[in-house]
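Below is one structure, written out as structure tokens; comments come after it.
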Amino acid sequence: MLPLRFARCDNFLQEVAQRRPLLLVEAAQDDVIDGHGHLLEPLDRPQSVGRQLEHVAPTVLFIAPPAHEAGPLETIDEVNDITRVDADQRRHLALRQRRRGALDHAENAKTAPSQARIGGPGLGSHVGGELLADLGGELEAEADDASIGDGSGLTIHAAEHIVVSINDTSIQSFEHRNGVRPAIVVDGLVKRYGSLTAVDGISFDVAPGEIFGFLGPNGAGKSTTIKMLCTLVDPTEGTATVAGYDVQRNRLDVRRHIGLVFQDQTLDVYLTAEQNLRFHAELYGMPKAAVEKRMRDVLEMVGLWERRSSKVQTFSGGMRRRLEIARGLMHSPRVLFLDEPTVGLDPQTRASIWGYIEELRRREDITIFLTTHYMDEAENCERIAIMDAGRIVVLDTPDRLKASVGTDRVSISTDDDQAAIEALRERLGVSADMHDGQVTFGVPDGEHFVPRLFNELGLPIKAVSVARPSLDDVFMSITGRTIRDAEATSVDNLRVFANPARR
Amino acid sequence: MTTTTNVASTRVVERGLRQDWRGVKVVWQREMIRFRQDRLRAVSALLQPIFFLFVLGTGLSTLTDDSTGGVSLRTFMFPGVLATSVLFTAVFSSASIVWDREFGFLREMLVAPVRRGSILVGKALGGATVATTQSLVIIALGPIVDVPYDLGMIVLLILQLFLLSFALCAVGLVIAAQVQQIQSMMGVMQMLLLPLSFLSGALYPLTGLPGWLTTLTLLNPVTYSVHAMRTTVFNHLDAPQSSLDQLNPPLEWFGWTVPISVQIGIVVAFGLGLLVFAIRRFDKAE
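In order, the protein sequences belong to chains X and L.
So the number in the numbering used here is just where the residue sits in the first sequence, counting from 1, plus 33.
So the number in the numbering used here is just where the residue sits in the second sequence, counting from 1, plus 28.
Structure below.
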């Protein structure tokens, strides 16, 4: 039995979170939650430990790996007890828990901590490394398994699940106590159009203040997901809440809390830019006093202030897009949905829009949910869910996603690509493929591979490029295709289901 | 450490009637802006009733002068022409919601934090305002066809025209809720507008019609509005009562004379009923 000291749990958790972004904490009275959903802060005020110990905050931590890695589960029930629950059992319990909502009574935690708490792979993985608590105590828990931690180094292996709960008589639900609840909770969402499944059972959470991105090829189901979250389309199965409201039962409440920039144009082209914005401000009940300033802000941001009195029908496509974004930012929604926000915009405008979004988020604590199929845009996100064919294939921070690839991407042009692929396999032991018209393969440390390539390939090489892993490589490493490949094959599918939705 | 969470800074839109009223107001205002911008639409919408009144009316009156008992056919047609003028404008104005859908703007309204009902109410009120405003031009032409300027009569006419337009806007909204394309909207409207106007007694008296035609006209809610307006106009004419009665016979259900108040009630109920239906349709998520 090895002790886990909560006083050092911060380090422990940080370490875990570095490896796995999958952490949910039901935290307590005196703990600290980063409202922006960042990692647990180090316990940097040791003198507070004693004080906080007195409160013995009820705290639950939960660390879950992605579903596909689900292995045996370790729980630390109560303070000294450890039970093993297998993954299926846990999932089952988690589902029950989620139906019941937040924990009501401390008794539940005492008698059945694993039931009383937390979500399953779904909830764990969507909240991800967002909501972490400073445990701030020196309570000891013991683990009977060295694989959980060695007591000092506190390492944890990727596939482990740990639930730590400390019982107290005043456990309240996490969200009630902190006023923090996930901005978006999606659970098993499915959308079918006839025989076509556009969204195929996705689950995730988005923390308040987070910038969360959906990345994937056209037709992956990103826009359909947004439409479901914005109450424009009813899910076929599953549930979703936005700002705490169910998208089917409380549609009006959801709409009160969101802003949306659509993929398709939704401006009134017969009105002027200014009229469009005023109309929007009025529909969203903005206070009169705020409208003028805000309108100027957003119009200057997108460089349309001078054109505010022109009718939108005189605007070019890019200008309309910019106006549309400006309009979406007019009011300050809790959750702002941006569906392919900067498609077709020049880099400068994109940068200015992103600058404004960042600013807005800092000032007004807006949660941003965006879809994109631009890799560079996705990198603005704190976490990214990569979607393919209606499913989330992976969900993590951009850095960790890229780190997970582990190889650089090398692309070469040759006269005979087939021969090159063959030679790569035989002489260099590298399996290559054609992507975007080039022979492409991944190797660790690509720069040092290039000299070998020239020496050993035995074929003339016309051009070579080495790229650090990008999100596109992440997509490729997971799905085996580049996003462009995927679009080439799914465009027809897209047409089938995009039209009924796009009325 | 202290708690650092603070998510309350973002304003959340209030809910309730005020917000819904705001929705009605904005949509109405938008209709007004569009109306002011689109002079051509106003002119073209007036062309047809003016043709009915002055060309058709004048032409046919050579045939009918002997039988209308001293009342000019054009005077007779005046209230009917008023009704047909709002008929076209109102239904077309609702049709614009199909445009809005096709060009995406509808979605901007549908995700707004206002009840969808308030958007449709705003649309119907806007369309009714536009239609009624346009018909003022025809009311102004009244003296040319021997309909005098009388403040009481004009106010009454305007009120009745507004109610009729509102009901017709609701008709348009119901169609708009059903169709997805502007082309089909046009088709359905053409199919509907003709019977609505021709079966209303707007252009001919309902006296002595064959039974089947009488039944059809009584099924048409516009009939009740036309009759009510014609009664309003005829009350201010200087003509023998007998010929007025002959040209504007009371509407009867199985021998029971339908009072004017009930007639107006029918128009209002018809409009509200269809509006509720349209709202239900729009309220379903796509």
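Even glycine gets a Cβ: it sits at the ideal position worked out from N, Cα and C.
Cutoff 6 Å; reference S510/X; Cβ partners in own chain excluding five residues on either side: Translated into the one-based positions of the first sequence, residue 510/X becomes position 477. Only residues of its own chain outside the window of five on either side were considered, and among them V438 have a CB closer than 6 Å to the CB of S510/X, listed in chain order.
Partners in chain X for I61/L, counting only beta-carbon separations shorter than 7 Å: Within the second sequence, numbered from 1, the residue matching residue 61/L stands at position 33. Simply L304, Q308.
Below-9 Å beta-carbon distance, F245/X vs any chain L residue: Taking the first residue of the first sequence as 1, we reach residue 245/X at position 212. For F245/X, the answer is no, since every Cβ of chain L falls outside 9 Å of its Cβ.
Rounded separation between T258/X and I307/L - CA only: Position 225 of the first sequence, counting from 1, holds the residue named residue 258/X. Position 279 of the second sequence, counting from 1, holds the residue named residue 307/L. In a straight line, the C-alpha of T258/X is about 25 Å away from that of I307/L.
Residues bridged to V324/X [DSSP beta-bridge criterion]: Start at 1 with the first residue of the first sequence, and residue 324/X comes out as number 291. Paired residues: none, contrary to the question.
Distance, E459/X Cα to E392/X Cα: Residue numbering aside, residue 392/X sits at position 359 when the first sequence is read from its first letter. Residue numbering aside, residue 459/X sits at position 426 when the first sequence is read from its first letter. Rounded to whole angstroms, E392/X to E459/X spans 53 Å at the Cα level.
DSSP three-state assignment for V175/L, whether helix, strand or coil: The residue given as residue 175/L occupies position 147 in the second sequence. Of the three classes helix, strand and coil, the one that applies to V175/L here is coil, per DSSP.
Where the alpha helix (DSSP H) containing I291/X begins and where it ends: As a first step, residue 291/X is located in the first sequence; it is residue number 258 there, counting from the start. Not the alpha helix (DSSP H): I291/X falls in the beta strand (DSSP E), residues 291 to 294.
With 16 other Cβ atoms within 10 Å as the buried cut-off, status of W240/L: For the purposes of this step, residue 240/L is identified with residue 212 of the second sequence, where counting begins at 1. Exposed.
Same chain only: Cβ atoms within 7 Å of A267/L, ignoring 5 sequence neighbours per side: Within the second sequence, the letter at position 239 stands for residue 267/L. G98, V99, listed in sequence order.
Cβ-based contacts, 8 Å cut-off: residues of the region 287 to 298 of chain X near chain L: R288, R289, H290, I291, L293, F295, D297, Q298
Straight-line Cα distance separating R354/X from I125/L: Translated into the one-based positions of the second sequence, residue 125/L becomes position 97. Translated into the one-based positions of the first sequence, residue 354/X becomes position 321. Their backbone Cα atoms lie some 22 Å apart in a straight line.
Residue burial classification, T9/L (beta-carbon count within 10 angstroms, cutoff 16): Beyond the ends of chain L as shown, which are 29 and 314, falls residue 9/L; an answer cannot be given.
Contacting positions in the region 57 to 86 of chain L - beta carbon closer than 9 Å to chain X: Q57, R58, I61, R62, Q65, D66
Nearest neighbour of L220/L, chosen from Y232/L, P249/L, G51/L [CA to CA]: If you number the second sequence from 1, residue 220/L lands on position 192. Looking at the Cα atoms, P249/L is the closest of the given residues.
Buried/exposed call for D505/X, threshold 16 Cβ in 10 Å: As a first step, residue 505/X is located in the first sequence; it is residue number 472 there, counting from the start. D505/X should be labelled buried.
Bounding residues of the beta strand (DSSP E) (the contiguous stretch that carries T272/X): Within the first sequence, the letter at position 239 stands for residue 272/X. Residues 270 to 275.
Per-residue DSSP class, three states only, for I61/L: Along the second sequence, one-based indexing puts residue 61/L at 33. I61/L falls in the helix class under three-state DSSP.
Environment of P107/L [buried if 16+ CB atoms lie within 10 Å]: For the purposes of this step, residue 107/L is taken as the residue at position 79 of the second sequence. For P107/L, the number of other beta carbons within 10 angstroms of its own is at least 16, and it is reported as buried.
Collapsed DSSP secondary structure at S503/X in the structure displayed: The residue given as residue 503/X occupies position 470 in the first sequence. Three-state DSSP puts S503/X in coil, outside helix and strand.
Three-state secondary structure assigned by DSSP to V295/L: Working through the second sequence from its first residue, we reach residue 295/L at position 267. Helix, per DSSP.
Span separating the alpha-carbon of Q57/L from that of I147/L: Along the second sequence, one-based indexing puts residue 57/L at 29. Along the second sequence, one-based indexing puts residue 147/L at 119. So the alpha carbons of these two residues sit roughly 11 Å apart.
4-residue-minimum alpha helix (DSSP H) runs that sit fully inside the region 438 to 485 of chain X, ordered along the chain: 450 to 461
Cβ shell of D67/X (< 6 Å), same chain only, five flanking positions each side left out: In the first sequence, the residue the question calls residue 67/X occupies position 34. Residue confidence is low: D67/X scores 32 on pLDDT, short of 50, so the model does not pin down where it sits. No coordinate-derived value is stated.
Host alpha helix (DSSP H) of T515/X (start-end): The residue you call residue 515/X lines up with position 482 of the first sequence. Here T515/X belongs to no alpha helix (DSSP H), and DSSP marks it neither H nor E.
Cα-Cα separation, L332/X to L300/X: In the first sequence, residue 332/X corresponds to position 299, counting from 1. In the first sequence, residue 300/X corresponds to position 267, counting from 1. The alpha-carbon atoms of L332/X and L300/X are separated by roughly 15 Å.
Euclidean distance between Cα positions of L378/X and L362/X: On the first sequence, position 345 is the one that residue 378/X refers to. On the first sequence, position 329 is the one that residue 362/X refers to. Rounded to the nearest angstrom, the two C-alpha atoms are 17 Å apart.
CB contact below 9 Å: R360/X versus chain C: No chain C appears in this structure, whose protein chains are X and L.
Spatially closest choice to A359/X from S385/X, P380/X, V368/X, by CA coordinates: Stepping through the first sequence from its first residue, residue 359/X is reached at position 326. That would be S385/X, whose Cα lies nearest to the Cα of A359/X.
Nonlocal neighbours in the same chain, by C-beta distance under 7 Å from S310/L, ignoring five residues either side: For the purposes of this step, residue 310/L is taken as residue 282 along the second sequence, with counting starting at 1. The sequence given here has Phe at residue 310/L, not Ser. R144, L148, A205.
H255/L classed as buried or exposed, judged by whether at least 16 other C-beta atoms fall within 10 angstroms: The residue given as residue 255/L occupies position 227 in the second sequence. H255/L should be labelled buried.
Rounded C-alpha distance that separates S206/X from F245/X: The count along the first sequence starts at 1 and reaches residue 206/X at position 173. The count along the first sequence starts at 1 and reaches residue 245/X at position 212. Note that S206/X has pLDDT 30, beneath the 50 cutoff, so the model's placement of it is unreliable and the number below is only indicative. If I take the Cα positions, the gap works out to 24 Å.
Simplified DSSP assignment, three categories, for T251/L: As a first step, residue 251/L must be located in the second sequence, where it is residue number 223. Three-state DSSP puts T251/L in a helix.
Cβ of I516/X within 9 Å of any chain L Cβ: Translated into positions along the first sequence, residue 516/X becomes position 483. Answer no: the Cβ-Cβ gap between I516/X and chain L never drops below 9 Å.
Buried versus exposed, by CB contacts within 10 Å (16 or more), T285/L: As a working mapping, residue 285/L is identified with position 257 in the second sequence. Flag for T285/L reads exposed.
CB contact check: G134/X to chain L, cutoff 9 Å: Within the first sequence, the letter at position 101 stands for residue 134/X. Only weak support exists for where G134/X lies, its pLDDT of 31 falling under 50; the coordinates are left without a value.
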